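J.: In our numbering, the protein residues as written are 11 to 284.
Glycine residues also receive a C-beta, built at the ideal position from the N, C-alpha and C atoms.
Computed from a predicted structure; not experimentally measured.
Would you mind keeping the following structure in view while I ask a few things?
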């Protein structure tokens with residue numbers, strides 16, 4: 011998605027979609043001193059950390075009360091915010107930008123954030139235009155069955171655009187490259203006639219300076235949350251359950267435990283943290 015506010019066309023406003031976009035941001039960062047990152051989700055936060063490591067002063071603007079709260083829960087969202095703040099990043103949360111000028115970004119409360127570089131990370135929409143023209147069913151992505159096949163026989167979809175019936179979470183669409191890679195492998199085998207259902211739980215990781223989060227499954231905003239371990243010590247798992255069933259596990263410093271959670275999700279077994 012793109013911003014639709016005054017100034018979104020200025021040359022110091024960047025998006026991150028392609029390798030060329032990444033190189034453009036890196037090049038502009040060489041001569042920049044202050045950056046405003048619009049969006050407090052994965053892309054925005056990881057870009058912010060990268061810019062901070064390049065010695066820029068970085069401010070993040072996000073419309074939520076905590077970064078990644080909808081995905082990771084309040085406790086882990088707080089840890090992510092604290093980690094970024096400990097490295098000098100400043101947050102303006104529950105705020106939205108209303109205009110971009112040559113040397114600042116103006117927020118909805120009239121706050122003006124000085125900057126000479128703006129990076130926008132406010133999410134993406136699936137590009138379903140080609141599929142729709144071909145008569146393929148879409149609904150927030152290309153609809154596929156458990157074999158990743160569309161309603162048109164012989165046509166398959168995988169990756170960010172595919173919305174498939176996950177056996178645990180129902181029909182979902184996930185924008186993480188590990189999922190795309192695994193789905194691509196399954197789709198390729200099914201194109202060759204394997205008829206293999208895609209049942210692997212979604213998995214991703216995200217790095218924030220020295221904090222690495224591993225997440226497996228697909229939780230929802232209404233899930234109950236339980237913490238095993240000590241988040242502040244970066245030795246914990248956050249366990250999400252919906253209707254008493256395990257839906258996802260986010261781990262910090264517990265890679266083996268996260269792998270065991272993935273196996274439990276795949277088999278439908280109960281999961282017990284350390």
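#1: Can you name the residues that DSSP bridges to residue 240?
#2: Report the residue from 51, 111, 194 whose alpha carbon sits nearest the alpha carbon of residue 20.
#3: Could you check which residue in 210, 27, 193, 226 has the C-alpha nearest to that of residue 159?
#4: Go to residue 52, then tell me how far its alpha helix (DSSP H) extends in each direction, as first and last residue.
#5: Beta-carbon within less than 7 angstroms of residue 164's beta-carbon, same chain only, minus the 5 sequence neighbours each way: which residues are those?
#6: Between which two residues does the alpha helix (DSSP H) carrying residue 82 extend?
#7: Going by other Cβ atoms of all chains shown within 10 Å of its Cβ, with 16 needed for buried, is residue 264 buried or exposed?
#8: Would you kindly report the start and end of the unbroken beta strand (DSSP E) that includes residue 257?
#9: Secondary structure at residue 159, three-state DSSP: helix, strand or coil?
#10: Check whether the stretch 79-86 and the stretch 96-115 touch, using three or more Cβ-Cβ pairs below 8 angstroms as the test.
#11: Residue 247: which of 89, 33, 12 sits nearest, CA to CA?
#12: The beta strand (DSSP E) with residue 217 in it runs from where to where?
#13: On the three-state DSSP scale, how would you describe residue 252?
#14: Please work out which residues of its chain come closer than 7 angstroms, Cβ to Cβ, to residue 108, disregarding the five sequence neighbours upstream and downstream, and give them in chain order.
#15: By the three-class DSSP mapping on this structure, what secondary structure does residue 69 have?
#16: Assuming residue 279 is part of the alpha helix (DSSP H), what are its boundary residues?
#17: Among 179, 96, 170, 178, which one has its Cα closest to the Cα of residue 186?
T.: On the basis of the data shown:
#1: 245
#2: 111
#3: 193
#4: 52-63
#5: none
#6: 79-96
#7: buried
#8: 255-262
#9: strand
#10: no
#11: 89
#12: 213-218
#13: strand
#14: 15, 116, 117, 118
#15: strand
#16: Unbroken run through residue 279: none, as it is neither H nor E.
#17: 170
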